[in-house]
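Keeping their order, the protein sequence lines are chains A and B.
Just so we're aligned, residue 25 is where the first sequence starts under our numbering, counting upward by one.
Just so we're aligned, residue 25 is where the second sequence starts under our numbering, counting upward by one.
Ideal Cβ positions, reconstructed from N, Cα and C, are used throughout, including at glycine.
Protein chains: 2
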Amino acid sequence: MTTRFDVLSIGNAIVDVISTVDDNFLTDNSLIKGSMQLIDETQAQSLYDIMGPGIEVSGGSAANTVAGLASFGNSSAFFGKVKADQLGNVFRHDISAAGVCFQTPGAEDGSETARCLILVTPDGERTMNTFLGACVEFGPDDIDEATVRDSKVVYMEGYLWDPEQAKLAFLKAADIARSAGREVSLTLSDSFCVDRHRDSFLELIKRDVDILFANEDEIKSLYQVDSFDEALQAVRQDCKLTALTRSRAGSVIVSKDEVHVIDARKVDQVVDTTGAGDLYSAGFFAGYTNGKELAQCGQLGALAASEVISHIGARPQTSLKDLASQNGLL
Amino acid sequence: MTTRFDVLSIGNAIVDVISTVDDNFLTDNSLIKGSMQLIDETQAQSLYDIMGPGIEVSGGSAANTVAGLASFGNSSAFFGKVKADQLGNVFRHDISAAGVCFQTPGAEDGSETARCLILVTPDGERTMNTFLGACVEFGPDDIDEATVRDSKVVYMEGYLWDPEQAKLAFLKAADIARSAGREVSLTLSDSFCVDRHRDSFLELIKRDVDILFANEDEIKSLYQVDSFDEALQAVRQDCKLTALTRSRAGSVIVSKDEVHVIDARKVDQVVDTTGAGDLYSAGFFAGYTNGKELAQCGQLGALAASEVISHIGARPQTSLKDLASQNGLL
Numbered sequence: 025m026t027t028r029f030d031v032l033s034i035g036n037a038i039v040d041v042i043s044t045v046d047d048n049f050l051t052d053n054s055l056i057k058g059s060m061q062l063i064d065e066t067q068a069q070s071l072y073d074i075m076g077p078g079i080e081v082s083g084g085s086a087a088n089t090v091a092g093l094a095s096f097g098n099s100s101a102f103f104g105k106v107k108a109d110q111l112g113n114v115f116r117h118d119i120s121a122a123g124v125c126f127q128t129p130g131a132e133d134g135s136e137t138a139r140c141l142i143l144v145t146p147d148g149e150r151t152m153n154t155f156l157g158a159c160v161e162f163g164p165d166d167i168d169e170a171t172v173r174d175s176k177v178v179y180m181e182g183y184l185w186d187p188e189q190a191k192l193a194f195l196k197a198a199d200i201a202r203s204a205g206r207e208v209s210l211t212l213s214d215s216f217c218v219d220r221h222r223d224s225f226l227e228l229i230k231r232d233v234d235i236l237f238a239n240e241d242e243i244k245s246l247y248q249v250d251s252f253d254e255a256l257q258a259v260r261q262d263c264k265l266t267a268l269t270r271s272r273a274g275s276v277i278v279s280k281d282e283v284h285v286i287d288a289r290k291v292d293q294v295v296d297t298t299g300a301g302d303l304y305s306a307g308f309f310a311g312y313t314n315g316k317e318l319a320q321c322g323q324l325g326a327l328a329a330s331e332v333i334s335h336i337g338a339r340p341q342t343s344l345k346d347l348a349s350q351n352g353l354l
Numbered sequence: 025m026t027t028r029f030d031v032l033s034i035g036n037a038i039v040d041v042i043s044t045v046d047d048n049f050l051t052d053n054s055l056i057k058g059s060m061q062l063i064d065e066t067q068a069q070s071l072y073d074i075m076g077p078g079i080e081v082s083g084g085s086a087a088n089t090v091a092g093l094a095s096f097g098n099s100s101a102f103f104g105k106v107k108a109d110q111l112g113n114v115f116r117h118d119i120s121a122a123g124v125c126f127q128t129p130g131a132e133d134g135s136e137t138a139r140c141l142i143l144v145t146p147d148g149e150r151t152m153n154t155f156l157g158a159c160v161e162f163g164p165d166d167i168d169e170a171t172v173r174d175s176k177v178v179y180m181e182g183y184l185w186d187p188e189q190a191k192l193a194f195l196k197a198a199d200i201a202r203s204a205g206r207e208v209s210l211t212l213s214d215s216f217c218v219d220r221h222r223d224s225f226l227e228l229i230k231r232d233v234d235i236l237f238a239n240e241d242e243i244k245s246l247y248q249v250d251s252f253d254e255a256l257q258a259v260r261q262d263c264k265l266t267a268l269t270r271s272r273a274g275s276v277i278v279s280k281d282e283v284h285v286i287d288a289r290k291v292d293q294v295v296d297t298t299g300a301g302d303l304y305s306a307g308f309f310a311g312y313t314n315g316k317e318l319a320q321c322g323q324l325g326a327l328a329a330s331e332v333i334s335h336i337g338a339r340p341q342t343s344l345k346d347l348a349s350q351n352g353l354l
């Protein structure tokens, strides 16, 4: 079955503001290293005021994934809401220039385009503070049915559960996808996000999700268990196909009949881990939507993640298609 | 004589939009590699539409210099005009967070904050396309006399000659500085900029400029000569102190009585040359305003330039004070 898009992703449309800090900055400001917390406009302004100089670069978890997928040469689309302001124009330019079809109209009124204040510590770990801004305007009306039907996989981020209307939008997209015989995929996004929406995620995974992405903390939080292996056994019962990422320990892909353990790729220096999970998904889909074996999908995920953590920013800075070709993976 | 600021710099307040391109992109779009060209809003939009994904980072030549100087631990101030819009807020945040005093009010109306579309080729060379935007609103009324009087050196970029009111503003600042016994410094900015304003620059250099910065192309353009040495001999007659930068060939500092030839510092990989000259000036001033020998000023300039060309963006990403200390230069 031919579709126009390999993957349609739905997520918060965010511009990242990246700044380097030392560890004391996190403790002094009661920030939990490695997490994503939601902040309001006032908090965003207060934090920005005390941050050092920044670099602005388009981000958003699900958006990063399709930007990465486009870099592999795959066709992709994105739904998400910016405001029609300068940063909204930046987001729209960057994702379109990456080769992703992005046609969700920008909001004319309301909050500014969302931004994520990302604090990167010397170990390369990122701590994210997200002001959702215009993302709260995203809702079911922004789901273009024809695009959903014309995509092999509809992928969305767990972060979408935070703005209420976005959650409804995703559920609508999932229904359309299922009725069109398409696959539905979810990334759990963040362990605190899982805490906020555990029951709802579990229900969705059992009912609608064909392909689940989670890191170790997220999957343990989902099942409220202490060991990775317990979580793995649990998710194996609930979901057809799951890719579990474990940072330097690589990843595990598990279905009812298969288990693959994939090594992480060594990088010279971890500069900024922002987007590692997002790009793992991109690589996975680059293989999956081309009918590759699961192990190869995981290797492509590891390859894309290794590229993005070797520089500042959550989108690839080199052609992932060329990189995969050089590594004999595509 | 104690002053509040070591250097006050005056320049165009610009946010850079940096994207990597191959050489064909430049030739296909009739862009001259390594140059800065002025473009209007329509041209800026057209070029942006065909550029790849970008990174936004505060720039502006003279602004980069004081941001670099602040990184050395020196006190500095900046005059320049943004609009009170999102990119204007980015510029204001970044230069303030770098430790530079920046109090020029933003324009409420008129064009958007200036941006420079910077295309970086695989050799690390940058080609700049500047939409001046709100910079044209900068004028003599933006010159705060007390700040000028309270700065050891007033430094400005030749690019200021492009918007007419900014030129008048600089001349006003130069007059105040001279009458207060302060020094006046100019960077020629770009050889095409020198072409546009040659007579005016020559007059200014002979009358007002104590410290001149120029690269090889600029100084040859100023005197319309073919050889670097001819240009060097000419400027030696016209200006008390000149620092001439020559990219990989290092720099030459020349006064009536002294000549110093400074080697460039080796860098592992030239990633993006944007800001090399700006940071050379920063390092030079870090030494000069602390009473260091001219050779040491040049070495500090070379050090700061080597830091900024080793990454994307025209402002330092590490403490130049620490770097200078590690290299035994301060």
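Check, Outcome
"Under DSSP, the beta strand (DSSP E) around A/Arg150 begins and ends at which residues?", "Arg150 to Phe155"
"At a CB-CB cut-off below 7 Å, which residues of chain B make contact with A/Met75?", "Ala121"
"Report the three-state DSSP secondary structure of B/Glu282 (helix, strand or coil).", "coil"
"In terms of residue numbering, what span does the beta strand (DSSP E) encompassing A/Val233 cover?", "It is not in any beta strand (DSSP E) - A/Val233 carries neither H nor E in the DSSP assignment."
"May I ask which residues mark the beginning and end of the alpha helix (DSSP H) holding A/Ser203?", "Glu188 to Ser203"
"Who are the neighbours of A/Glu161 on chain B, taking C-beta pairs under 8 Å?", "Correct list: empty, because the minimum Cβ distance to chain B is about 17 Å."
"Taking C-beta to C-beta, are B/Val177 and B/Glu207 nearer than 8 Å?", "yes"
"Counting only beta-carbon atoms, is A/Leu303 nearer than 8 Å to chain B?", "no"
"Three Cβ pairs or more, each shorter than 8 Å: is that satisfied between the region 26–36 of chain B and the region 103–118 of chain A?", "no"
"I want to see whether chain B comes within less than 8 Å of A/Leu111, judged by CB atoms only; does it?", "yes"
"By a C-beta neighbour count over all protein chains shown, 10 Å radius and 16 as the cutoff for buried, is A/Gln350 buried or exposed?", "exposed"
"Less than 8 Å between the beta carbons of A/Phe115 and A/Val31, yes or no?", "no"
"Have a look at A/Asp64 and A/Leu156 and give me their C-alpha separation to the nearest angstrom.", "8 Å"
"Taking all protein chains shown into account, decide if A/Ala273 is buried (16 or more other Cβ within 10 angstroms of its Cβ) or exposed.", "exposed"
"With DSSP as the reference, label A/Val45 as helix, strand or coil.", "coil"
"On the DSSP bridge list, what partners appear for A/Met180?", "A/Ile34 and A/Leu210"
"State the Cα-Cα distance for the pair A/Phe225 and B/Ala86, rounded to the nearest angstrom.", "52 Å"
"Enumerate in chain order the residues of its own chain whose CB-to-CB distance from A/Lys196 is below 8 Å, with the five nearest sequence positions on each side excluded.", "Pro164 and Ile167"
"Residues of chain B with CB under 9 Å from A/Ser334, in chain order?", "What A/Ser334 touches in chain B: nothing, since even the nearest Cβ is about 13 Å away."
"Check each candidate in A/Asn153, A/Pro340 and A/Tyr179 and name the one with the smallest Cα separation from A/Ala91.", "A/Pro340"
"On the DSSP bridge assignment, give the partners of B/Ile277 in chain order.", "B/Ala267 and B/His284"
"Report yes or no: is there a C-beta of chain B within less than 8 Å of the C-beta of A/Ser349?", "no"
"In chain order, what residues of the same chain lie with their CB nearer than 8 Å to the CB of A/Ile286, ignoring the 5 residues before and after it?", "Gly274, Ser275, Val276, Ile277, Ala319, Gly322, Gln323, Gly325 and Ala326"
"Using DSSP's beta-bridge definition, name the partner residues of A/Ile79.", "A/Ile42"
"Ordered along the chain, which non-local residues of its own chain (more than five positions away) have a Cβ less than 6 Å from that of B/Ala328?", "Gly92, Leu303, Ala306, Gly307 and Leu344"
"Using three-state DSSP, classify A/Arg222 as helix, strand or coil.", "helix"
"In chain B, what lies closer than 9 Å to A/Arg339 by C-beta?", "Pro77"
"Are the CB atoms of B/Tyr183 and B/Ser33 nearer to each other than 8 Å?", "no"
"On the CB-based measure, 16 or more other CB atoms within 10 Å of its CB, does A/Lys203 come out buried or exposed?", "Per the sequence presented here, residue 203 of chain A reads as Ser, with Lys not at that position. So A/Ser203 counts as exposed."
"Quick one, are the C-beta atoms of B/Lys290 and B/Asp262 less than 8 Å apart?", "no"
"Got a sec: which bits of the region 142–157 of chain B sit with their beta carbon under 8 Å from any beta carbon on chain A, in order along the chain?", "none"
"Buried or exposed: where does A/Arg150 fall if 16 or more other Cβ atoms within 10 Å of its Cβ makes it buried?", "buried"
"For the 8 Å Cβ check, are there 3 or more pairs between the region 38–52 of chain A and the region 108–128 of chain A?", "yes"
"Roughly how many angstroms separate the alpha carbons of B/Val259 and A/Thr145, rounded to a whole number?", "47 Å"
"From the DSSP output, in three-state form, read off A/Leu143 for me.", "strand"
"Restricting to Cα atoms, I'd like to know which of B/Phe194, B/Ser245 and B/Asp174 is closest to B/Gly35.", "B/Phe194"
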